[in-house]
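Participant: One structure, as structure tokens, below. Some questions next.
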Amino acid sequence: MTAEKLQLTLHASGLKNVAGAFKGTSDPFAIVTILGSGPSEKPRVLGKTEVIKNSLSPKWTTSFLFDYEFGKETHINVSIVDEVRKKNDKPMGSAVFEIGDILGSRGSIKAQKLKRGGTLYARLQKPPQRNAGALALVLSGHKLKNVEGLFKKSDPFYEIRRTYNGPNAGSWHVVYRSKQVKDNLSPSWEPATVDVNTLCDGDLNRKIQVAIYDHESDGKHQSMGQFETTVNALLKAAEQKTTFTPKKGSKDMGTIQVNQCKITGADISQPAPSAAADPSILPMPVPVPLPIEQMGNMSLGAGQKPSFVDYVTGNCDLGLCVAIDFTGSNGDPRKPGTLHHISRDGMSMNGYEKAITAVGSILSKYDTDQKFPVWGFGAKYDGVVRHCFQVGRSKEVHGVNGILEAYRGVFKTALTMSGPTVFTEVIELAAAQAISRQQLKPLSYTILLLLTDGAVSDVEATKRTLQSIADAPLSIVIVGIGNADFSAMQFLDDFETRHSFNRDIVQFVEFRHHEHDKMSLTRATLDEIPEQLVQFFHARGIMPRPDTNFSTSKIVVEDVNQHEEEIDLSMDYNPDGEIVLNGNQSAGYIDTHSYQPTQMPTPIPPPVVASAAAVPIQQPFTFQVQCPPGVSPGMQLQVQHPKTGQMLLVAVPQGIQPGGLFNVSA
Numbered sequence: 008m009t010a011e012k013l014q015l016t017l018h019a020s021g022l023k024n025v026a027g028a029f030k031g032t033s034d035p036f037a038i039v040t041i042l043g044s045g046p047s048e049k050p051r052v053l054g055k056t057e058v059i060k061n062s063l064s065p066k067w068t069t070s071f072l073f074d075y076e077f078g079k080e081t082h083i084n085v086s087i088v089d090e091v092r093k094k095n096d097k098p099m100g101s102a103v104f105e106i107g108d109i110l111g112s113r114g115s116i117k118a119q120k121l122k123r124g125g126t127l128y129a130r131l132q133k134p135p136q137r138n139a140g141a142l143a144l145v146l147s148g149h150k151l152k153n154v155e156g157l158f159k160k161s162d163p164f165y166e167i168r169r170t171y172n173g174p175n176a177g178s179w180h181v182v183y184r185s186k187q188v189k190d191n192l193s194p195s196w197e198p199a200t201v202d203v204n205t206l207c208d209g210d211l212n213r214k215i216q217v218a219i220y221d222h223e224s225d226g227k228h229q230s231m232g233q234f235e236t237t238v239n240a241l242l243k244a245a246e247q248k249t250t251f252t253p254k255k256g257s258k259d260m261g262t263i264q265v266n267q268c269k270i271t272g273a274d275i276s277q278p279a280p281s282a283a284a285d286p287s288i289l290p291m292p293v294p295v296p297l298p299i300e301q302m303g304n305m306s307l308g309a310g311q312k313p314s315f316v317d318y319v320t321g322n323c324d325l326g327l328c329v330a331i332d333f334t335g336s337n338g339d340p341r342k343p344g345t346l347h348h349i350s351r352d353g354m355s356m357n358g359y360e361k362a363i364t365a366v367g368s369i370l371s372k373y374d375t376d377q378k379f380p381v382w383g384f385g386a387k388y389d390g391v392v393r394h395c396f397q398v399g400r401s402k403e404v405h406g407v408n409g410i411l412e413a414y415r416g417v418f419k420t421a422l423t424m425s426g427p428t429v430f431t432e433v434i435e436l437a438a439a440q441a442i443s444r445q446q447l448k449p450l451s452y453t454i455l456l457l458l459t460d461g462a463v464s465d466v467e468a469t470k471r472t473l474q475s476i477a478d479a480p481l482s483i484v485i486v487g488i489g490n491a492d493f494s495a496m497q498f499l500d501d502f503e504t505r506h507s508f509n510r511d512i513v514q515f516v517e518f519r520h521h522e523h524d525k526m527s528l529t530r531a532t533l534d535e536i537p538e539q540l541v542q543f544f545h546a547r548g549i550m551p552r553p554d555t556n557f558s559t560s561k562i563v564v565e566d567v568n569q570h571e572e573e574i575d576l577s578m579d580y581n582p583d584g585e586i587v588l589n590g591n592q593s594a595g596y597i598d599t600h601s602y603q604p605t606q607m608p609t610p611i612p613p614p615v616v617a618s619a620a621a622v623p624i625q626q627p628f629t630f631q632v633q634c635p636p637g638v639s640p641g642m643q644l645q646v647q648h649p650k651t652g653q654m655l656l657v658a659v660p661q662g663i664q665p666g667g668l669f670n671v672s673a
């Protein structure tokens with residue numbers, strides 16, 4: 008699976024002041040560390056933000072780039088620190104975020120309350136693929152209005168801000184902050200260098216804001232006015248020697264001169280955005296709302312194909328549905344070692360539970376309502392074999408725990424584990440629901456997680472079904488549970504539908520190859536989904552779009568007290584002033600390889616022992632098969648079960664020649 012670049016930005020609010028009595032307000036900065044996924048993988052410091060002086064609600068301009076692979080749980084630790092002289096920095100709080108959790112949240116923004124006080128916000132976005140270069144800028148002010156009082160002069164500095172697509176599209180986010188110039192109303196600020204992608208996603212006509220402030224030692228800086236412009240307008244102002252007039256309300260607050268403005272280091276091998284300046288904002292721009300129709304390309308360059316991350320950060324909702332095999336070949340669930348046996352103490356999981364937990368925990372992050380349908384197949388109710396029936400008391404369950412509870416509860420119902428193994432009905436239902444969801448919201452995609460212990464009974468019928476639903480916004484992940492011979496299922500991986508868009512929508516994985524490594528299973532099962540999703544939407548011209556109905560006021564702030572303790576990474580500085588980890592690295596990882604038991608709210612009842620009659624179990628039946636002429640060991644035979652009539656695919660054992668007999672238990 009190809010990794011994609013992500014860009015992380017941070018801000019905090021309401022932090023606890025740890026500066027101490029009579030020492031003013033804390034000067035916070037943040038350190039970002041990627042945690043290891045196991046004890047053998049060391050944490051890695053991504054870097055630190057700039058220090059924001061005298062602020063308990065810092066908005067850091069530093070961003071962090073890193074690689075992310077869908078299906079691999081990636082945790083980052085953000086530590087907020089008060090800068091103190093002689094490197095005796097004081098901790099102000101920390102939080103751990105999982106990257107998939109942030110991406111799957113509305114607006115790709117996640118917030119956590121900190122144990123020490125305050126809230127930390129983490130935002131992810133896809134950085135533009137084109138290198139748009141760096142903006143070299145030199146600004147100066149002329150006769151700025153003093154806001155300091157009668158006997159003092161202001162200490163002006165300026166911020167450059169941008170907007171983001173989607174949530175709070177009209178709100179401004181700081182990307183550059185100059186140093187103050189003391190006691191000067193006609194300041195000449197030092198040269199600034201700002202990454203153009205960070206500033207405007209490479210779009211030189213995108214609105215940006217320049218805000219001037221009077222610096223205050225307590226961090227409560229006073230506004231000295233602001234104006235809106237674009238990079239192109241700044242370039243033209245430098246060339247034509249025009250000025251901008253910052254305003255505070257309706258009042259003019261002086262003028263700003265662009266002494267120098269140029270772009271360096273841009274990648275000219277790819278087409279750049281149009282360089283035509285917008286005359287409506289020269290020399291004195293007025294606020295203009297960004298039209299929704301200009302927000303739909305999610306900063307993609309000309310001719311660029313959207314990526315999976317573009318879609319999940321661009322308002323695409325992934326839905327999950329689960330189908331579980333309850334055929335008799337799974338064995339008696341009352342007996343330890345059988346595939347559906349459920350541990351009474353809840354401290355160990357069977358293969359079905361592990362697959363649900365591993366795959367469901369990844370996919371559920373991208374489903375906004377956390378409601379999942381769960382179906383069963385291959386069991387009898389009232390003497391009738393059902394190839395698709397509801398598992399659980401409701402049509403949809405909440406969260407991965409809800410899936411597990413519904414699955415565990417099915418053995419307290421009057422089902423008879425039977426057969427044959429038929430996928431067609433659950434596939435058709437998943438496709439119908441996927442189409443229905445997309446009709447309500449075009450950027451919707453569904454994934455069917457189908458868990459089975461054996462080969463499908465009717466290969467041709469399954470192929471026809473896959474062919475018929477090929478145009479649905481659906482991917483199918485099939486996990487083979489147990490030690491059966493799944494070679495007959497290989498056709499699913501190799502089968503590409505011959506339909507409008509020739510889509511490969513099925514991924515088959517044998518659980519036993521990943522039984523002891525959860526991350527290995529999720530990477531194997533989800534490997535093809537990003538490309539399948541992108542292929543579906545891109546072929547139909549459906550592009551990522553921002554969620555214009557969402558604002559940051561709707562962000563749900565998680566309470567860290569509901570989760571683990573803060574992680575102490577014991578950071579220090581080396582002689583070069585770089586942050587290093589110096590011990591206690593055993594705490595610098597989160598185990599993403601082990602299958603963690605999911606605790607139930609109440610003890611798990613003994614499965615079906617107290618009322619065995621309510622759940623008749625079909626015991627395996629052994630019969631003999633004669634090897635026909637022309638068949639050699641390892642080849643597949645289709646045989647009919649003499650008692651159930653079920654068609655089975657069985658492999659001819661080694662050493663059996665044509666005319667020879669061998670036993671089959673099913």
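So the sequence shown is numbered by my numbering: it starts at 8 and just counts up by one. Every residue, glycine too, gets a C-beta built ideally from N, C-alpha and C.
Given this structure, state the Cα-to-Cα distance separating residue 379 from residue 312, to the nearest angstrom.
Facilitator: Approximately 30 Å between the Cα atoms of the pair.
Participant: If we call anything under 8 Å between Cβ atoms a contact, is residue 67 one with residue 37?
Facilitator: Yes, they are a contact pair.
Participant: Please classify residue 668: does DSSP put it in a helix, a strand, or coil?
Facilitator: Looking at residue 668 - three-state DSSP - the assignment turns out to be strand.
Participant: In or out: residue 239 buried (at least 16 other Cβ within 10 Å) or exposed?
Facilitator: With 16 or more Cβ atoms within 10 Å of its Cβ, residue 239 is classed as buried.
Participant: Tell me which same chain residues have a C-beta within less than 6 Å of the C-beta of residue 456, skipping the five on either side of it?
Facilitator: The residues are 329, 366, 484.
Participant: Just the Cα atoms here: how many angstroms apart are residue 402 and residue 410?
Facilitator: Between residue 402 and residue 410, the C-alpha separation is close to 11 Å.
Participant: If you run the structure through DSSP and keep just helix, strand and coil, what is residue 266?
Facilitator: Residue 266: strand per DSSP, three-state reduction.
Participant: Going by other Cβ atoms of all chains shown within 10 Å of its Cβ, with 16 needed for buried, is residue 82 buried or exposed?
Facilitator: Classification for residue 82: buried.
Participant: Of the choices 453, 392, 112, 25, whose alpha-carbon is the least far from that of residue 429?
Facilitator: Ranking the options by Cα distance to residue 429, first place goes to 392.
Participant: So, under 8 Å CB-CB, residue 21 and residue 126 are touching, yes? Tell me the CB distance rounded to an integer number of Å.
Facilitator: Yes, residue 21 and residue 126 are in contact; Cβ-Cβ is about 6 Å, under 8 Å.
Participant: Taking 8 Å as the threshold (C-beta atoms), are residue 453 and residue 441 in contact?
Facilitator: Yes.
Participant: Between the alpha carbons of residue 389 and residue 396, how many angstroms are there, rounded?
Facilitator: Approximately 13 Å, taken between the alpha carbons.
Participant: Going straight from the alpha carbon of residue 515 to that of residue 57, what length do you get?
Facilitator: Taking the straight line from one Cα to the other gives about 47 Å.
Participant: Beta-carbon separation of residue 168 and residue 132 under 8 Å?
Facilitator: In this structure, residue 132 does not lie closer than 8 Å to residue 168 by Cβ.
Participant: Is the CB-CB distance between residue 433 and residue 404 below 8 Å?
Facilitator: No, the pair does not count as a contact, with Cβ atoms beyond the cut-off.
Participant: For residue 415, collect the residues of the same chain with a Cβ closer than 6 Å to its Cβ; drop the 5 residues on either side in sequence, then sort them by chain order.
Facilitator: Contacts found: 349.
Participant: Take every Cβ of the region 222-234, pair it with every Cβ of the region 27-41, and state whether three or more of those distances are shorter than 8 Å.
Facilitator: Yes, since at least three Cβ pairs between the region 222-234 and the region 27-41 fall closer than 8 Å, the two stretches touch.
Participant: Mind checking whether the beta-carbon of residue 395 lies closer than 7 Å to any heavy atom of the ligand MG?
Facilitator: The ligand MG is not among the ligands present in this structure, which contains no ligands whatsoever.
Participant: Along the chain, where does the beta strand (DSSP E) containing residue 200 start, and where does it finish?
Facilitator: Its beta strand (DSSP E) spans residues 199-202.
Participant: May I have the straight-line CA-CA distance separating residue 19 from residue 105, to the nearest angstrom?
Facilitator: When rounded, the distance between both Cα atoms is 18 Å.
Participant: Could you tell me the distance, in whole angstroms, from the CA atom of residue 543 to the CA atom of residue 98?
Facilitator: Straight-line Cα distance between these residues: approximately 47 Å.
Participant: I need the boundaries of the alpha helix (DSSP H) containing residue 360, first residue and last residue.
Facilitator: That run of the alpha helix (DSSP H) goes 358-370.
Participant: Just list the beta strand (DSSP E) runs in the region 166-249, keeping only unbroken ones of 3 residues or longer that don't cross its boundaries, in chain order.
Facilitator: List check, beta strand (DSSP E) in window: 180-184, 199-202, 215-221, 229-236.
Participant: Taking the straight line between their C-alpha atoms, what separation do you get for residue 279 and residue 140?
Facilitator: Because the pLDDT of residue 279 is 41, which lies under 50, any placement of that residue in the model is unreliable, and the number read from its coordinates should be weighed accordingly. Near 11 Å, if we compare the C-alpha coordinates of residue 140 and residue 279.
Participant: Between residue 527 and residue 521, what straight-line distance do the alpha-carbon atoms span, to the nearest angstrom?
Facilitator: Computed Cα separation, rounded: 6 Å.
Participant: Rounded to whole angstroms, what is the Cα-Cα separation between residue 386 and residue 473?
Facilitator: So the alpha carbons of these two residues sit roughly 23 Å apart.
Participant: With a Cβ-Cβ cutoff of 8 Å, do residue 218 and residue 166 count as a contact?
Facilitator: It is a contact, given that the beta carbons lie within the stated cut-off.
Participant: Expressed to the nearest angstrom, what Euclidean distance is found between the alpha-carbon atoms of residue 95 and residue 552?
Facilitator: Cα to Cα, residue 95 sits roughly 46 Å from residue 552.
Participant: In this structure, does DSSP put residue 424 in helix, strand or coil?
Facilitator: In this structure, residue 424 counts as strand in the three-state DSSP scheme.
Participant: Out of curiosity, what's the CA-to-CA distance linking residue 35 and residue 62?
Facilitator: Cα to Cα, the separation comes out at about 7 Å.
Participant: Taking the DSSP output, what are the residues bridged to residue 346?
Facilitator: Residue 346 is not bridged to any residue.
Participant: Around the C-beta of residue 477, are 16 or more other C-beta atoms found within 10 angstroms, so that it is buried, or is it exposed?
Facilitator: Per the 10 Å Cβ criterion, buried.
Participant: Could you give the DSSP three-state label for residue 59: helix, strand or coil?
Facilitator: In this structure, residue 59 counts as coil in the three-state DSSP scheme.
Participant: Looking only at C-alpha atoms, which of 100, 546, 264 sits nearest to residue 25?
Facilitator: Ranking the options by Cα distance to residue 25, first place goes to 100.
Participant: In three-state DSSP terms, what is residue 660?
Facilitator: The answer is coil: DSSP assigns residue 660 none of H, G, I, E or B.
Participant: May I have the straight-line CA-CA distance separating residue 394 from residue 436, to the nearest angstrom?
Facilitator: Distance between the alpha carbons of residue 394 and residue 436: 11 Å.
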